[in-house]
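Residue numbers (my numbering): 17 to 398.
Where is the CB? At the ideal position from N, CA and C, for every residue including glycine.
Being a predicted model, the structure only gives us computed values, none of them experimental.
Take a look at the structure below.
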Amino acid sequence: MPHHRLTITGTSSGESLLAPAAKPAKTKPGAPHAVDRLATLLAEDLAAVDAIIHQYLASPVGTIPNLAAHLIDAGGKRIRPLITLAAARLVGGGGDGPRKLAAAVEFIHSATLLHDDVVDVSSMRRGKKSANVVWGNSASVLVGDFLFARSFNLMVETGDIQVLDILARAASVIAEGEVMQLAAANDAETTRERYMEIVAAKTAALFAAAARSGAVAAGRAGPEATALETYGRELGLAFQLVDDALDYGGASDTMGKNAGDDFREGKVTLPVIFARDAGDESERTFWRRVVGGERTDDDFHRAVALVKRHNAITLTIDAARAHYALLFKIGDHRVQIAHLKRNHAATAGLLTCGVGKREAAAAWKIELHPSDRTVRAIAADL
Numbered sequence: 017m018p019h020h021r022l023t024i025t026g027t028s029s030g031e032s033l034l035a036p037a038a039k040p041a042k043t044k045p046g047a048p049h050a051v052d053r054l055a056t057l058l059a060e061d062l063a064a065v066d067a068i069i070h071q072y073l074a075s076p077v078g079t080i081p082n083l084a085a086h087l088i089d090a091g092g093k094r095i096r097p098l099i100t101l102a103a104a105r106l107v108g109g110g111g112d113g114p115r116k117l118a119a120a121v122e123f124i125h126s127a128t129l130l131h132d133d134v135v136d137v138s139s140m141r142r143g144k145k146s147a148n149v150v151w152g153n154s155a156s157v158l159v160g161d162f163l164f165a166r167s168f169n170l171m172v173e174t175g176d177i178q179v180l181d182i183l184a185r186a187a188s189v190i191a192e193g194e195v196m197q198l199a200a201a202n203d204a205e206t207t208r209e210r211y212m213e214i215v216a217a218k219t220a221a222l223f224a225a226a227a228r229s230g231a232v233a234a235g236r237a238g239p240e241a242t243a244l245e246t247y248g249r250e251l252g253l254a255f256q257l258v259d260d261a262l263d264y265g266g267a268s269d270t271m272g273k274n275a276g277d278d279f280r281e282g283k284v285t286l287p288v289i290f291a292r293d294a295g296d297e298s299e300r301t302f303w304r305r306v307v308g309g310e311r312t313d314d315d316f317h318r319a320v321a322l323v324k325r326h327n328a329i330t331l332t333i334d335a336a337r338a339h340y341a342l343l344f345k346i347g348d349h350r351v352q353i354a355h356l357k358r359n360h361a362a363t364a365g366l367l368t369c370g371v372g373k374r375e376a377a378a379a380w381k382i383e384l385h386p387s388d389r390t391v392r393a394i395a396a397d398l
């Protein structure tokens with residue numbers, strides 16, 4: 017799963033736009049990003065969530081808390097739990113229910129990461145050796161199962177069958193998305209439409225559920241919850257597309273994972289799709305070969321060159337921008353979010369990661385270098 021930052025700026029009219037590609041947004045050195053501001057604003061809630069997380073990691077089987085903490089305490093920004101907490105606060109809620117749900121969301125996310133690293137044979141997560149490298153595949157899978165079980169413990173404790181339904185469905189959709197991606201691996205003919213179905217399931221579903229469940233737990237299961245669910249889904253789509261771009265234009269020390277992991281795993285992501293579709297027959301033959309599993313050490317460098325030649329990174333970032341711009345432009349949902357922003361301006365401005373709030377720094381930061389338009393990751397893990 018992704019961990020990166022993306023520069024987003026607001027306009028004087030409050031419309032949501034990602035920073036123009038040719039003019040990277042600048043922030044003052046040391047200036048807090050929106051996730052940091054949101055964490056500060058919700059510091060009491062977040063501290064309670066962290067306490068719940070560590071309480072529910074407890075087990076007489078020592079490997080379980082040790083392995084889980086290796087991932088959970090590795091510096092992630094808790095972006096998904098923060099979305100749950102902020103959504104609850106936006107509609108006037110708070111307390112133990114949203115906090116337990118936020119912890120459940122983090123457990124679901126962490127469980128999927130543990131399983132992903134086994135399936136993808138990954139060696140690095142959040143800037144250090146992944147759990148499957150340290151403890152082995154079997155332990156990673158089983159501790160992931162433990163975290164899923166703990167997440168359902170927490171959902172049940174809220175006493176709200178609606179939030180249980182929301183997050184249980186999301187967990188199922190995430191699993192479906194991962195299986196869809198596995199089935200599409202090494203398929204060089206994967207279409208953009210098919211890939212976006214995968215992204216919607218494996219990444220955006222949890223963002224959407226995190227936002228909706230926060231509102232529902234606070235007693236607002238109507239239009240506001242629907243608006244926040246839409247917000248989460250579009251944000252999750254943008255989030256994953258930026259991660260796709262980083263695999264071909266980022267650096268390991270800033271991404272928290274190895275550059276080229278998607279390529280080496282035979283994944284057809286959006287930069288590959290754009291480059292493949294724009295290329296000539298010899299280039300398409302290259303993509304069929306490397307995606308099909310016949311790869312050499314030098315092939316990644318050629319893949320990056322082809323991605324750059326066809327402007328595929330910029331096109332992918334543009335696609336992310338399109339999803340981000342939809343956050344507040346979807347019919348009645350926009351009206352509902354505007355209502356929330358008026359009534360809870362401080363939280364809303366931070367939740368939106370800068371939309372309509374010029375002074376709010378971004379949750380993620382990407383720079384498109386003006387000379388070659390390659391993507392460089394600037395910030396830390398999420």
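Report yes if the CB atom of residue i is closer than 8 angstroms to the CB atom of residue j, and no otherwise.
{"i": "Val121", "j": "Pro97", "result": "yes"}
{"i": "Ala200", "j": "Ile190", "result": "no"}
{"i": "Ala336", "j": "Val288", "result": "no"}
{"i": "Leu163", "j": "Phe223", "result": "no"}
{"i": "Val306", "j": "Ala319", "result": "yes"}
{"i": "Gly175", "j": "Thr219", "result": "no"}
{"i": "Arg94", "j": "Leu117", "result": "no"}
{"i": "Arg300", "j": "Arg292", "result": "yes"}
{"i": "Val157", "j": "Ala84", "result": "no"}
{"i": "Ala261", "j": "Thr332", "result": "yes"}
{"i": "Gly193", "j": "Ala217", "result": "yes"}
{"i": "Val232", "j": "Val284", "result": "no"}
{"i": "His339", "j": "Ala254", "result": "yes"}
{"i": "Ala64", "j": "Arg115", "result": "yes"}
Could you tell me if residue i is buried or exposed, where buried requires 16 or more neighbouring beta carbons within 10 angstroms of its beta carbon?
{"i": "His317", "result": "exposed"}
{"i": "Gly230", "result": "buried"}
{"i": "Thr56", "result": "exposed"}
{"i": "Asp406", "result": "Because the chain spans 17 through 398 in this model, residue 406 falls outside it and cannot be assessed."}
{"i": "Ser188", "result": "exposed"}
{"i": "Lys145", "result": "exposed"}
{"i": "Asp325", "result": "Note that residue 325 is Arg in the sequence shown here, rather than Asp. Arg325 comes out exposed."}
{"i": "Ala67", "result": "exposed"}
Excluding the five sequence neighbours on either side, which residues of its own chain have a C-beta within less than 8 angstroms of the C-beta of residue i, listed in chain order?
{"i": "Ala228", "result": "The sequence shown places Arg at residue 228, rather than the Ala named in the question. The residues are Ala103, Ile182, Ala241, Thr242, Leu244, Glu245 and Gly248."}
{"i": "Gly309", "result": "Asn202 and Gly282"}
{"i": "Ala184", "result": "Phe168 and Met171"}
I need the boundaries of the alpha helix (DSSP H) containing residue i, first residue and last residue.
{"i": "Glu192", "result": "Ile177 to Ala200"}
{"i": "Lys324", "result": "Asp315 to Arg325"}
{"i": "Ala118", "result": "Asp112 to Val135"}
{"i": "Gly152", "result": "No alpha helix (DSSP H) contains Gly152, which DSSP labels as neither H nor E."}
{"i": "Val258", "result": "Pro239 to Gly265"}
{"i": "Ser298", "result": "Glu297 to Val307"}
{"i": "Val232", "result": "Ala221 to Ala233"}
{"i": "Glu213", "result": "Arg208 to Val215"}
{"i": "Ala338", "result": "Ala328 to Ala341"}
{"i": "Ala59", "result": "Ala59 to Leu73"}
{"i": "Ala102", "result": "Ile95 to Leu106"}
{"i": "Pro76", "result": "It is not in any alpha helix (DSSP H) - Pro76 carries neither H nor E in the DSSP assignment."}
{"i": "Arg292", "result": "Leu286 to Ala294"}
If I measure Cβ to Cβ from residue i and keep anything under 7 angstroms in the same chain, skipping five residues before and after, which residues do I get?
{"i": "Asn153", "result": "Val134"}
{"i": "Val149", "result": "Ser139"}
{"i": "Ala74", "result": "Pro81"}
Please go through the same chain and pick out, in chain order, the residues whose beta-carbon is closer than 6 angstroms to the beta-carbon of residue i, but skip the five residues on each side of it.
{"i": "Tyr221", "result": "Before going on, a small fix: residue 221 reads as Ala here, not Tyr. The answer, listed in chain order, is Ala186, Val189 and Ile190."}
{"i": "Lys39", "result": "Below a pLDDT of 50, predicted positions are generally treated as unreliable, and Lys39, at 33, falls in that range; no measurement from the model is reported."}
For the pair the segment 77-91 and the segment 201-212, tell me if three or more CB-CB distances fall below 8 angstroms. By the Cβ test, the segment 77-91 is not in contact with the segment 201-212, since fewer than three Cβ pairs between them sit closer than 8 angstroms.
Is the segment 160-172 touching the segment 112-130 in the sense that three or more CB pairs, one from each, lie closer than 8 angstroms? Yes, the segment 112-130 touches the segment 160-172.
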